[in-house]
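Novice: Here the working numbering is used: position 18 in the sequence shown is 23, and no number is missing along the way.
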Amino acid sequence: MAGMPHARGGTRLDGQRRVGACAAVSGRRQVTVPGYPASSLRDPLWQGSWPDAVELGGVADEFWQRIAVHGLLVPSSWLGQGWPALWGRSFGH
């Protein structure tokens, strides 16, 4: 099923804006991450993930600029049941 084109690029499918093989789960320049429990990209939980993110190819010096341009992106393949389900599973472990 094809998504509807999004005015700012990508497509909108299942409530997330798709950017290539990724989906934005938060808006551009947004620090707050949706879901339950609510969180912020500045929270210790997110900041503590930097060693793993760098190991997987993340570039810390580019992070906030990318958030400003794209929002928080995750692989679309992770969102089979949507962001709330993924976040709920991740937070519970």
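Yeah, the Cβ is synthetic: ideal placement off N, Cα and C, and Gly gets one too.
Inspect the beta-carbon positions of G76 and R33 and report whether they are closer than 8 Å.
Specialist: yes
Novice: Taking 8 Å as the cut-off, decide whether the C-beta atoms of V36 and W88 are in contact.
Specialist: No, they are not a contact pair.
Novice: Can you pull the DSSP bridge partners for P80?
Specialist: According to DSSP, P80 bridges with C27.
Novice: Quick check on DSSP: helix, strand or coil for S45?
Specialist: strand
Novice: With respect to the alpha helix (DSSP H) encompassing A65, which residues constitute its N-terminal and C-terminal limits?
Specialist: Careful: A65 lies outside any alpha helix (DSSP H) and carries neither H nor E.
Novice: What is the DSSP secondary structure of V36, reduced to helix, strand or coil?
Specialist: DSSP places V36 in coil when its eight states are reduced to three.
Novice: Quick check on S54: does DSSP put it in helix, strand or coil?
Specialist: coil
Novice: Report the residue from A73, F68, L91 whose alpha carbon sits nearest the alpha carbon of Q52.
Specialist: The residue from A73, F68, L91 with its alpha-carbon nearest to that of Q52 is F68.
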